[in-house]
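Enquirer:
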């Protein structure tokens, strides 16, 4: 039976709405030919996966193939996927016709750059134009079995629909990624993420698929979650970096030493850049006596799209499901490998709602160099921030993650921080609030001077540094708010 995560008014079936939309399109809209049969998925069969519990790989043939094979796999998948999007989605058919492009023109992966972008606003607007799922959908409503959603600034949930095959592909990738991070059937795994609409909720099924005992903890109060961790001798949890830090501090305040009194040895984190910042990861690892693995996901694609292996040298991308571009956000041109740029994602198989050239707003860097673990997929070297989190101070771009790296490196600081931006006499002024570990205020001048020096050397920005007593800044249970921009125009122009 199909499952939806939120109620919607009764409307006509999707096929009828799509037909109505097409009939009302401009006369110049190219008519849609009959839809071709979808290509058979190119990933290896289930029988080829996880040959033995001792294997390093979930799917060795896929995970260790050459870069040339990865490129061939992605091109074949993308060619079929664009055809599916064109024949199934009224929006893509009209938008591509207006842009003068057609799926048949895709001969190489570089040809994808001829196709127009989509973004969060387009996704939201097209959903509202054809409720409940929108005209980016490329399958009949009867084929949708699951919906996750994220709530944007309008308060209207933006749905991300899945067919059964989409959902199965997603959960198989979650199992593969957990496996690469060292999770095994003998583990006891607590999933401490929100289940209500949130696309990260069902990721727990990936742990179940590989055979781990899985506890759907959700957003339990911290004290209750600590009880669960002790009662079931939980060995692995998934949460945000901020909450992993907060939960560890809460345990200590209750007289619990996470490293000594709990059994947690693996912590999977997502939702914030902190997991890819070595200083943040190392502080959490020291607090828990556990290994921390960063994961990346977004509601419009999958719950997890990339994650760390045990080498922790970047996040392995789900390249058989998602094609990645890293572009200059101004020109739209590709940046050199390893350089920072905006990440643009294209699904390769997700049939319910193909996402073709989706601008994420995330500033990232990537590499295709082979990993020491033996995997050859593209690796995400870090999410350095978001375009909407980026501050421009006197013409210099600065991200909260740049400040976090410095705050977490100094052992005399708690690692908590906040950025405050004001405009004084028509000039931007940055203040960074940090916390000392000690109650002794006599060290404030030394700490402030050292922090200001490091910040200037890393970012080129001068800032006023305020050193606060311990436990002054608020602790967040999930995503932390680090920036207070008090200017009328956050871009400082």
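Residue numbers (this note's numbering): 7 to 499.
Built from N, CA and C at the ideal position, the CB exists for glycine as well.
For clarity, every value in this text was computed on a predicted model and none was experimentally measured.
Comparing C-alpha positions only, which one of 459, 444, 449 sits nearest to residue 438?
Expert: If we check each option's Cα against that of residue 438, 459 comes out closest.
Enquirer: So the alpha helix (DSSP H) residue 74 belongs to, where does it begin and stop?
Expert: Residue 74 -> alpha helix (DSSP H) spans 73-94.
Enquirer: Can you tell me whether residue 337 is buried or exposed, with buried defined as 16 or more other CB within 10 angstroms of its CB?
Expert: Flag for residue 337 reads exposed.
Enquirer: Go ahead and pull the three-state DSSP assignment for residue 231.
Expert: Residue state, collapsed to three classes: helix.
Enquirer: Please decide whether residue 250 counts as near chain C, where near means a Cβ-Cβ distance under 8 angstroms.
Expert: Annotation note: the requested chain C is absent from the structure, which comprises a single protein chain.
Enquirer: Please list, in chain order, all residues of the same chain as residue 239 whose beta carbon is under 7 angstroms from its beta carbon, the five residues on each side excluded.
Expert: Contacts found: 194, 269.
Enquirer: Could you tell me the distance, in whole angstroms, from the CA atom of residue 325 to the CA atom of residue 70?
Expert: Cα to Cα, the separation comes out at about 12 angstroms.
Enquirer: Leaving out five residues before and five after residue 344 in sequence, what residues of the same chain have Cβ atoms less than 8 angstroms from its Cβ?
Expert: Result list for residue 344: 371, 372, 373, 387, in chain order.
Enquirer: Going by C-alpha distance, which of 98, 127, 121 is nearest residue 144?
Expert: When each option's Cα is compared against that of residue 144, the closest is 98.
Enquirer: Using alpha carbons as the reference points, say which of 436, 331, 92, 380 lies closest to residue 61.
Expert: For the residues 436, 331, 92, 380, the minimum Cα distance to residue 61 belongs to 380.
Enquirer: So, at 8 angstroms on beta carbons, what are the nonlocal neighbours of residue 185 in its own chain, with the 5 sequence-adjacent residues on each side left out?
Expert: The answer, listed in chain order, is 56, 63, 64, 216.
Enquirer: My assumption, with CB atoms under 8 angstroms, is that residue 58 sits in contact with residue 355. Please give the rounded CB distance.
Expert: Contact flag wrong, Cβ pair sits at about 27 angstroms.
Enquirer: For residue 385 and residue 448, what's the separation of their Cα atoms in angstroms?
Expert: The alpha-carbon atoms of residue 385 and residue 448 are separated by roughly 44 angstroms.
Enquirer: Under the DSSP definition of a beta bridge, which residues are partnered with residue 340?
Expert: DSSP, once it has assigned bridges, lists 333 as partnering residue 340.
Enquirer: Excluding the 5 residues flanking residue 135 on each side, which residues of the same chain have their C-beta closer than 7 angstroms to its C-beta?
Expert: Cβ within range, chain order: 141.
Enquirer: Closest by CA to residue 290, which one among 320, 276, 254, 76?
Expert: Considering only alpha carbons, the answer is 254.
Enquirer: Please report the distance separating the alpha-carbon of residue 369 from that of residue 389.
Expert: Roughly 6 angstroms separates the two Cα atoms.
Enquirer: Using the C-alpha atoms, what's the distance from residue 278 back to residue 481?
Expert: Their Cα atoms are separated by approximately 15 angstroms.
Enquirer: Which word fits residue 266, buried or exposed, when buried means at least 16 other C-beta atoms lie within 10 angstroms of its C-beta?
Expert: With fewer than 16 other Cβ atoms within 10 Å, it is exposed.
Enquirer: Using the rule of at least 16 other Cβ atoms within 10 Å of the residue's Cβ for burial, across every protein chain shown, is residue 334 buried or exposed?
Expert: With fewer than 16 other Cβ atoms within 10 Å, it is exposed.
Enquirer: Consult DSSP for residue 114 and reduce its assignment to one of helix, strand or coil.
Expert: It is coil, neither helix nor strand.
Enquirer: Once the 5 residues before and after residue 197 are set aside, which same chain residues still bring their CB inside 8 angstroms of it?
Expert: If we look at residue 197 and ignore the five residues flanking it on each side, its Cβ neighbours are 207, 209, 210, 213, 220, 221, 222, 223, 224, 243, 244.
Enquirer: What whole-angstrom Cβ distance do residue 410 and residue 286 have, given they're in contact under 8 angstroms?
Expert: Going by Cβ atoms, the distance from residue 410 to residue 286 rounds to 6 angstroms, so yes, they are a contact pair.
Enquirer: Using alpha carbons as the reference points, say which of 394, 133, 383, 361 lies closest to residue 348.
Expert: The candidate whose alpha carbon is nearest that of residue 348 is 394.
Enquirer: Give the single residue among 402, 468, 129, 357 whose Cα lies nearest to the Cα of residue 152.
Expert: If we check each option's Cα against that of residue 152, 357 comes out closest.
Enquirer: Mapping the DSSP letters down to three states, classify residue 260 as helix, strand or coil.
Expert: Looking at residue 260 - three-state DSSP - the assignment turns out to be coil, as it is neither helix nor strand.
Enquirer: Per the DSSP calculation, residue 322 is bridged to which residue(s)?
Expert: Answer is 313, 385.
Enquirer: Distance check for residue 457 and residue 465, CA to CA, integer angstroms please.
Expert: Approximately 12 angstroms between the Cα atoms of the pair.
Enquirer: To the nearest whole angstrom, what separates the beta carbons of residue 382 and residue 364, a pair I think is in contact under 8 angstroms?
Expert: Their Cβ separation, rounded to whole angstroms, is 25 angstroms, which puts residue 382 and residue 364 out of contact at 8 angstroms.
Enquirer: Return yes when at least one heavy atom of the ligand MN lies under 7 angstroms from the C-beta of residue 263, else no.
Expert: Ligands in the displayed structure: none, and consequently the ligand MN is not present.
Enquirer: For a minimum of 4 consecutive residues, which ranges assigned as the alpha helix (DSSP H) are wholly contained in the stretch 394-431?
Expert: Complete alpha helix (DSSP H) runs here, min 4: 406-415.
Enquirer: Mind checking which residues open and close the alpha helix (DSSP H) that includes residue 285?
Expert: Where residue 285 is concerned, the enclosing alpha helix (DSSP H) stretches over 284-294.
Enquirer: Please state if the CB of residue 423 and the CB of residue 327 are separated by a distance shorter than 8 angstroms.
Expert: Not closer than 8 angstroms, so no.
Enquirer: Taking the DSSP output, what are the residues bridged to residue 276?
Expert: Answer by DSSP bridge pairing: none, since residue 276 is not bridged.
Enquirer: Tell me the rounded alpha-carbon separation between residue 13 and residue 139.
Expert: Its pLDDT being 35, under 50, residue 13 is placed unreliably in this model, and the coordinates cannot settle the point.
Enquirer: Mapping DSSP to helix, strand and coil, what is residue 176?
Expert: DSSP places residue 176 in helix when its eight states are reduced to three.
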